[in-house]
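Chemist: Here this note's numbering runs 452 ahead of the position in the sequence shown, where the first position is 1.
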Amino acid sequence: MSEQHDIEALVSREYKYGFITDIEQEIIPPGLNEDVVRLISKKKNEPEFLLEWRLKAYRHWLTMTPPTWAHVHYPPIDYQALSYYAAPKSQAEQAEIDANRPKSLDEVDPKLLEMYAKLGIPLHERAALAGVAVDAVFDSVSVTTTFREKLAEVGVIFCSFSEAVHSHPEIVQKYLGTVVPAGDNYYAALNSAVFSDGSFVFIPKGVRCPMELSTYFRINAMNTGQFERT
Numbered sequence: 453m454s455e456q457h458d459i460e461a462l463v464s465r466e467y468k469y470g471f472i473t474d475i476e477q478e479i480i481p482p483g484l485n486e487d488v489v490r491l492i493s494k495k496k497n498e499p500e501f502l503l504e505w506r507l508k509a510y511r512h513w514l515t516m517t518p519p520t521w522a523h524v525h526y527p528p529i530d531y532q533a534l535s536y537y538a539a540p541k542s543q544a545e546q547a548e549i550d551a552n553r554p555k556s557l558d559e560v561d562p563k564l565l566e567m568y569a570k571l572g573i574p575l576h577e578r579a580a581l582a583g584v585a586v587d588a589v590f591d592s593v594s595v596t597t598t599f600r601e602k603l604a605e606v607g608v609i610f611c612s613f614s615e616a617v618h619s620h621p622e623i624v625q626k627y628l629g630t631v632v633p634a635g636d637n638y639y640a641a642l643n644s645a646v647f648s649d650g651s652f653v654f655i656p657k658g659v660r661c662p663m664e665l666s667t668y669f670r671i672n673a674m675n676t677g678q679f680e681r682t
């Protein structure tokens, strides 16, 4: 009886981290078509090879049908009712201007830093979790990546996917989609078409990473789809 009571108390409790951060955001209108795919790529200032990869995935997605799960029941997802890009205004503007430059914490909105601290994920390295490097993604953009310089000392590259596309395009092009191809399944194709950011990790052969690597994805904007690629 006590165990059942504990379970009921747990499931009825308000979600501690379900708060929304009041911050000005850029959100593109709902809907999904080739123009939206091109817009996401343009906002990330991506090279042509990545835009073509996205478009190929999107066209393949149009030929597919969503899977039918045996024991899960939920309303059909209206993919035209979702927005596929949302970002804090300052981050969105900076991403379009200079997507290949590492983000300094001085450029991050203090409200975002407060939010991550509230979640128990401080982004200032002096207060960060011991032995853990974090790439923090907020809606459609990476906010910052910690301990990147320390990791670089041993040859480990840890940064946002958007940055890697510009600073290490040859690595991205070589390995993108080699584990899970864009056409592997319905959701892989959708993700490949509309992903907006994620974490990039490259560890050279023979190198042992000196820290744990972690990514924290946070959805703040309502009715948006967060499709990230790591």
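For glycine and all other residues, C-beta sits at the position ideal for the given N, C-alpha and C. Small disclaimer: the values here were computed from a predicted structure and weren't measured.
Who are the Cβ neighbours of residue 577 in its own chain at under 8 Å, not counting the five residues just before and after it?
Modeler: On the sequence shown, position 125 is the one that residue 577 refers to. Around residue 577: 598, 599.
Chemist: Starting from residue 527, follow its DSSP beta bridges and name the residues at the other end.
Modeler: The residue given as residue 527 occupies position 75 in the sequence shown. Residue 527 pairs with nothing; no bridge assigned.
Chemist: Look at residue 653 and residue 642 and say whether their C-beta atoms are less than 9 Å apart.
Modeler: Taking the first residue of the sequence shown as 1, we reach residue 653 at position 201. Taking the first residue of the sequence shown as 1, we reach residue 642 at position 190. The answer is no: Cβ separation not under 9 Å.
Chemist: May I have the straight-line CA-CA distance separating residue 523 from residue 637, to the nearest angstrom?
Modeler: The residue labelled residue 523 in the question sits at position 71 within the sequence shown. The residue labelled residue 637 in the question sits at position 185 within the sequence shown. Distance between the alpha carbons of residue 523 and residue 637 is about 19 Å.
Chemist: Can you list, in chain order, the residues of its chain with a C-beta nearer than 7 Å to that of residue 607? Leave out the 5 residues immediately preceding and following it.
Modeler: Within the sequence shown, numbered from 1, the residue matching residue 607 stands at position 155. Correct list, in chain order: 656, 659.
Chemist: So the alpha helix (DSSP H) residue 491 belongs to, where does it begin and stop?
Modeler: If you number the sequence shown from 1, residue 491 lands on position 39. Residues 486-495.
Chemist: Compare the Cα-Cα distances from residue 479 to each of 459, 676, 662 and report the closest residue.
Modeler: Taking the sequence shown and counting its residues from 1, one reaches residue 479 at position 27. The candidate whose alpha carbon is nearest that of residue 479 is 676.
Chemist: State buried or exposed for residue 492, treating a residue as buried only when at least 16 other CB atoms are found within 10 Å of its CB.
Modeler: Locating residue 492 in the sequence shown gives position 40, where the first residue counts as 1. Classification of residue 492: buried, given that the 10 Å Cβ count is 16 or more.
Chemist: Do you know offhand how far residue 588's Cα is from residue 527's?
Modeler: Mapped onto the sequence shown, residue 588 falls at position 136. Mapped onto the sequence shown, residue 527 falls at position 75. If I take the Cα positions, the gap works out to 30 Å.
Chemist: Starting from residue 670, follow the beta strand (DSSP E) in both directions and report where the run begins and ends.
Modeler: Here residue 670 is taken as the residue at index 218 of the sequence shown, counted from 1. Residue 670 -> beta strand (DSSP E) spans 664-670.
Chemist: Which of the three DSSP states is assigned to residue 649 in this structure?
Modeler: By one-based count along the sequence shown, residue 649 stands at place 197. Strand.
Chemist: Would you report the Cα separation of residue 531 and residue 474, rounded to the nearest angstrom?
Modeler: The residue labelled residue 531 in the question sits at position 79 within the sequence shown. The residue labelled residue 474 in the question sits at position 22 within the sequence shown. Their backbone Cα atoms lie some 26 Å apart in a straight line.
Chemist: At the level of alpha carbons, what is the spacing between residue 490 and residue 457?
Modeler: The sequence position of residue 490 within the sequence shown is 38, counting from 1. The sequence position of residue 457 within the sequence shown is 5, counting from 1. Approximately 51 Å between the Cα atoms of the pair.
Chemist: Along the alpha helix (DSSP H) that carries residue 456, what are the first and last residues, could you check?
Modeler: Translated into the one-based positions of the sequence shown, residue 456 becomes position 4. Residue 456 -> alpha helix (DSSP H) spans 454-464.
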